[in-house]
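Novice: If you scroll down you'll find the structure; I have some questions about it.
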Amino acid sequence: MLDQAPLLNGVTRSRRTADYALITPDTFVPTPLPGWTDATAVVHIAPEIGARFTHYTAEMAAGSVSGGPGAGVSRFAFVAEGAVAFEDSPPGGPAGQTLGTGEYFFLPPAEDRRFTAGQQGAKLIVFEKPYVPSGEGPASAVIGRAGDAPGEAFQGDADLLLQTLLPAEPAFDMAVNLFTYQPGARLPQVEVHVMEHGLIMLQGEGVYRLGDDWHPVQAGDIIWMASYCPQWFVAMGKQPAKYLYYKDVHRDRLTEKPGFAGREA
Ligand code: UGY
Ligand code: MN
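For the sequence shown, position 114 (counting from the first letter as 1) is numbered 113 according to numbering that gives the first Met the number 0, and the numbering increases by one without interruption.
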C-alpha cells in the first residue's frame with residue numbers, strides 16, 4: 000500500500016498556465032508519430048497549448064524511418080541518444096552520413112529528407128515551425144555538432160555560455176541555442192520579450208521564474224514560455240546546468256505571418 004501512495008496523491012511538478020507550461024517527465028505520455036515507422040513521440044509543445052511551433056521528443060526503434068514535417072514546415076532535430084543516417088545526401092555531407100549523439104540538423108521545407116535510426120535506435124529533440132520566407136532568400140540546410148557550435152559569454156558573464164546552433168541570419172526564422180550556467184550563475188535580468196521559447200533541461204538543476212511563479216527544475220524537464228512571459232533562471236547544485244531552447248526570430252510582427260501548406264519556402 001505504501002508503495003502506491005505517491006501515485007494516489009496525484010502530485011506532480013507539471014504546471015500549465017496561459018503564459019507557460021512546465022512539463023516534467025513523470026507526466027509524459029507517448030503518441031504515434033504519423034508518417035514515421037516504429038517511432039513514438041512525446042509532443043511537449045504544440046499549437047493546442049497556444050504555441051506557434053511544435054516541440055517533441057521522438058523515440059525511434061532500430062531501423063525506424065522518419066516521416067516528413069508538414070508542408071511548409073522547417074525542422075530542427077538534435078540527436079540526444081543513438082544515431083540516425085540520412086537516406087540521401089544530407090546538407091554538406093556525403094550520402095548515408097550518420098549523425099550521432101550531440102549532433103543536429105536543420106532542414107528548411109524545400110529540403111525534406113528522410114533518415115533512419117541505427118542499431119541502437121535514436122532519441123531526437125525536435126523543434127518544427129511553419130517557415131516564414133524573408134526577402135533574403137530561403138534558409139539553407141545545416142548540420143553541426145554541439146561541441147563545435149560557436150559560444151560566447153552571455154552579456155559578458157563568463158559563467159554563462161551561450162552557443163548558437165543555427166546561423167543568426169535573416170533567412171532563418173528560428174534560433175536554437177544551448178545555454179550552460181555554472182552553479183550559482185543566473186540570467187542577468189528578468190526577461191520579458193515577444194519571442195516565445197520551447198526549452199528542455201539537458202543537465203543539472205536550478206530554479207526557473209515563469210510568470211509570477213518560481214519552479215525548481217532539473218534535467219529532463221520541458222518548459223514552454225509564451226510571448227511576454229516573464230522569465231529568469233538561476234543554476235543550483237554542483238554541476239553546470241544546461242538547456243537547449245528554441246525561439247522565433249527575424250520576422251516583422253505586423254506583416255509576416257507563419258506560412259502553411261502551399262507557401263513557397
Ligand atoms: O535567448 C533568450 O531569450 C534567453 N536568454 N532566454 C532564456 O534563457 N529564458
Ligand atoms: Mn528569453
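Glycine is no exception: its CB is placed at the ideal position from the N, C-alpha and C atoms.
Note that the coordinates shown come from a computational prediction; the quantities given were computed from them, not determined experimentally.
1) Hey, which residues come within less than 6 Å of the ligand MN, measuring from Cβ to any heavy atom, in chain order?
2) With a threshold of 7 Å (Cβ to nearest heavy atom), would Lys-241 be considered close to the ligand UGY?
3) Leaving aside the five residues before and after Phe-75 along the sequence, list all residues of the same chain whose C-beta is less than 6 Å from its C-beta, in chain order.
4) With a threshold of 16 other CB atoms inside 10 Å of the CB of Gln-230, please say whether the residue is buried or exposed.
5) Given a threshold of 16 other Cβ atoms within 10 Å of its Cβ, counted over all protein chains shown, does Leu-265 qualify as buried or as exposed?
6) Please state whether DSSP places Gln-238 in a helix, a strand or coil.
7) Please specify which runs of the alpha helix (DSSP H), each continuous and at least 4 residues long, are wholly inside the stretch 150-222, giving them in chain order.
8) What does the alpha-carbon distance come out to for the pair Gly-219 and Ile-199?
9) Just to confirm, is the Cβ distance from Pro-182 to Pro-239 under 8 Å?
10) What does the alpha-carbon distance come out to for the pair Glu-263 and Ser-133?
11) Go ahead and label Pro-129 buried or exposed: buried means 16 or more other beta carbons lie within 10 angstroms of its beta carbon, across all protein chains shown.
Specialist: Taking the structure as given:
1) Glu-190, His-192, His-196, Gln-230
2) no
3) Phe-105, Phe-126, Val-175
4) buried
5) Since the first residue shown for the chain is 0 and the last is 264, residue 265 is missing from the structure and cannot be characterised.
6) coil
7) none
8) 6 Å
9) yes
10) Note that Glu-263 scores a pLDDT of 41, beneath 50, so its modelled location is shaky and nothing firm can be said.
11) buried
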